[in-house]
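Encoded as structure tokens, the structure appears first; notes follow it.
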Amino acid sequence: MVKLEKGLESLLITDKVMNEIKDFNVKKAKYFCPEDSGDLKKSIKGEVNGNEIIVGSNSKYAAHVEYGTERMILAHGPHDPLNPVKNWKAKSDRGDQGTPQQMPFLRPAQYITQKNISKFIPKKILMKVNVVLK
Amino acid sequence: MTSITNEYNLQEELVVFARNQDLLTTTERGVTTANGTFSYTSGAPTFTLANTKVFNIRYVTVAGATVSAYRDFLPNYNSGTFTLTATPSNPSTVIARYDYGTDDTVYSELPREIVDRLHLPRLMVRCLTGQTEEFALGAGSNITDRMITFQVWATTVKKVNNVVTNIRTAIIENKKNFYNTPFMKINSITPLQQSIGPEPEILSKAVDCDARFIVERV
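Going down the list, the protein sequences come from chains A and B.
So for the first sequence, my numbering puts the first residue at 118; every next one is plus one.
So for the second sequence, my numbering puts the first residue at 3; every next one is plus one.
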């Protein structure tokens, strides 16, 4: 699971805004996620918990795709529960990646979300903040 | 004039930075450090290093003064050469200190089939993603931030953490010293990942960085 840092005061954040940010993060994670059977992509979920947004996957091999596992998998034989990753071949809309390798999808999505977080704050709130600052 | 960041140069600079900073020692990398000394008199200022498989040039001096990669000299690691961007005075002594060998453990990609536990520790440096925004009125410039990750694999927690410390130290001390990105900051450190199954485990951590303020004119 990846936790999005608290970046803004809670006064500016409504449940609606939090859910929009969460949905954006989930959408980006699904975009970056490599696809073979599609199970990993489908498993990506998000939730809002107070001032935190948690986006991740409960897939057994999500962390291994995120951080790289090829040698770990090959080292443990064909009956390893993570074996599907062994022959991983990306077929995402970013193009065929070819050989099995690490393909981070949660961290890039979190990074892009952080870069865009200010866009989710309603403009009328930002205008009020400007007035207060003046 | 358009000035778009050269992706290959950026990736190369990051990997060479990791090698030059000794994030993994030369012994761990399996490379040897050597000096190449040249006497320049005339002609094109391109110099060929004596050892063919060169992985990183640590520094170049011209008449005793250290010059900067990409600005003052252009390395070509495929051919094992480097070219000064300005013709030095005649005569000048040019010295390059570099690492060479048959293979390296610092790369821009994940360990592949040739790697097993005997070939750890290993370090990967690469750009994971980035975002470009308009930066000026009139759409004359844009600004790009990139996510750069340094990931280490090793067989002990101590080694992983030592390399993470090396990475953090190198980034903090050189945050404004890159050529292809004006500023780099550490964003986060990932949890320790470990393989499952019989000992010994393979352990891994990544240091995610934010390469910022890359302004490109259009």
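C-beta atoms are modelled at their ideal positions from N, C-alpha and C, and glycine is treated no differently.
- Query: Of all Cβ atoms in chain A, is any one closer than 8 Å to the Cβ of Met186 (chain B)?
  - Reply: By 1-based counting over the second sequence, the position of residue 186 (chain B) is 184. Chain A, which has no Cβ nearer than 8 Å to the Cβ of Met186 (chain B), makes this no.
- Message: Rounded to whole angstroms, what is the Cα-Cα separation between Thr63 (chain B) and Gln23 (chain B)?
- Response: Within the second sequence, the letter at position 61 stands for residue 63 (chain B). Within the second sequence, the letter at position 21 stands for residue 23 (chain B). Thr63 (chain B) and Gln23 (chain B): Cα-Cα distance of roughly 18 Å.
- Determine, using beta carbons only, whether Ala179 (chain A) comes closer than 8 Å to chain B. To locate residue 179 (chain A), count along the first sequence from 1; it is residue 62. For Ala179 (chain A), the answer is no, since every Cβ of chain B falls outside 8 Å of its Cβ.
- Interface residues of the stretch 228–241 of chain A facing chain B [CB-CB below 8 Å]: Tyr228, Ile229, Lys232 and Asn233
- Integer Cβ distance of Arg224 (chain A) from Asp210 (chain B), believed to fall under 8 Å: In the first sequence, the residue the question calls residue 224 (chain A) occupies position 107. In the second sequence, the residue the question calls residue 210 (chain B) occupies position 208. The pair is a contact, with the Cβ atoms about 6 Å apart (cut-off 8 Å).
- Query: Which residues bound the alpha helix (DSSP H) around Thr104 (chain B)?
  - Reply: Translated into the one-based positions of the second sequence, residue 104 (chain B) becomes position 102. Premise fails: Thr104 (chain B) is in no alpha helix (DSSP H) and is neither H nor E.
- Out of A:Pro239, A:Pro151, A:Phe237 and A:Lys232, which has the shortest C-alpha to C-alpha gap to Asp147 (chain B)? As a working note, residue 147 (chain B) is residue 145 in the second sequence. Comparing Cα-Cα distances from Asp147 (chain B) to each of A:Pro239, A:Pro151, A:Phe237 and A:Lys232, the minimum goes to A:Lys232.
- Assuming Asn182 (chain B) and Leu12 (chain B) form a contact by the criterion Cβ under 8 Å, report the distance between their Cβ atoms to the nearest whole angstrom. One-based indexing of the second sequence puts residue 182 (chain B) at position 180. One-based indexing of the second sequence puts residue 12 (chain B) at position 10. Asn182 (chain B) to Leu12 (chain B), Cβ: 4 Å. Contact.
- Do you know whose CA, among B:Ser41, B:Val166, B:Thr43 and B:Phe57, lies nearest Thr35 (chain B)'s CA? Numbered from 1 along the second sequence, position 33 holds the residue referred to as residue 35 (chain B). Closest option to Thr35 (chain B), Cα to Cα, is B:Phe57.
- So what's Asp221 (chain B) in DSSP terms, helix, strand or just coil? Lying before the first or after the last residue shown, residue 221 (chain B) is absent from chain B, which here runs from 3 to 220.
- Message: Between B:Thr192, B:Ala71 and B:Phe40, which has its C-alpha nearest Trp155 (chain B)'s C-alpha?
- Response: Counted from its first residue, the second sequence places residue 155 (chain B) at position 153. Ranking the options by Cα distance to Trp155 (chain B), first place goes to B:Thr192.
- Hey, Ala98 (chain B) and Phe49 (chain B): beta-carbon distance below 8 Å or not? Sequence index remark: in the second sequence, residue 98 (chain B) carries index 96 (1-based). Sequence index remark: in the second sequence, residue 49 (chain B) carries index 47 (1-based). In contact: Ala98 (chain B) and Phe49 (chain B) (Cβ atoms closer than 8 Å).
- Item | Three-state class that DSSP yields for Glu203 (chain B) in the structure shown | As a first step, residue 203 (chain B) is located in the second sequence; it is residue number 201 there, counting from the start. Looking at Glu203 (chain B) - three-state DSSP - the assignment turns out to be coil, as it is neither helix nor strand.
- Item | Inter-residue Cα distance where the pair is Ile188 (chain B) and Thr43 (chain B) | Start at 1 with the first residue of the second sequence, and residue 188 (chain B) comes out as number 186. Start at 1 with the first residue of the second sequence, and residue 43 (chain B) comes out as number 41. If you take the alpha carbons of Ile188 (chain B) and Thr43 (chain B), they lie about 44 Å apart.
- Item | Of the residues B:Lys207, B:Ala65, B:Arg31 and B:Pro90, the one placed nearest Lys160 (chain B), counting alpha carbons only | Numbered from its first residue, the second sequence carries residue 160 (chain B) at position 158. If we check each option's Cα against that of Lys160 (chain B), B:Lys207 comes out closest.
- Query: Are the Cβ atoms of Leu194 (chain B) and Val162 (chain B) separated by less than 8 Å?
  - Reply: Along the second sequence, one-based indexing puts residue 194 (chain B) at 192. Along the second sequence, one-based indexing puts residue 162 (chain B) at 160. Yes, the Cβ-Cβ distance between Leu194 (chain B) and Val162 (chain B) is below 8 Å.
- Item | Selection from B:Ile204, B:Asp212 and B:Glu9 that minimises the alpha carbon distance to Ile229 (chain A) | As a first step, residue 229 (chain A) must be located in the first sequence, where it is residue number 112. Among B:Ile204, B:Asp212 and B:Glu9, the Cα nearest to that of Ile229 (chain A) belongs to B:Asp212.
- Item | Rounded C-alpha distance that separates Ala20 (chain B) from Thr131 (chain A) | Stepping through the second sequence from its first residue, residue 20 (chain B) is reached at position 18. Stepping through the first sequence from its first residue, residue 131 (chain A) is reached at position 14. For Ala20 (chain B) and Thr131 (chain A), the distance between alpha carbons rounds to 43 Å.
- Query: Looking at the C-beta of Pro151 (chain A), does it have a partner C-beta in chain B at a distance below 8 Å?
  - Reply: The residue labelled residue 151 (chain A) in the question sits at position 34 within the first sequence. It does not: the Cβ of Pro151 (chain A) has no partner Cβ on chain B nearer than 8 Å.
- Task: Report the residues of the stretch 15–43 of chain B with a CB closer than 8 Å to any CB of chain A, ordered along the chain.
- Result: none
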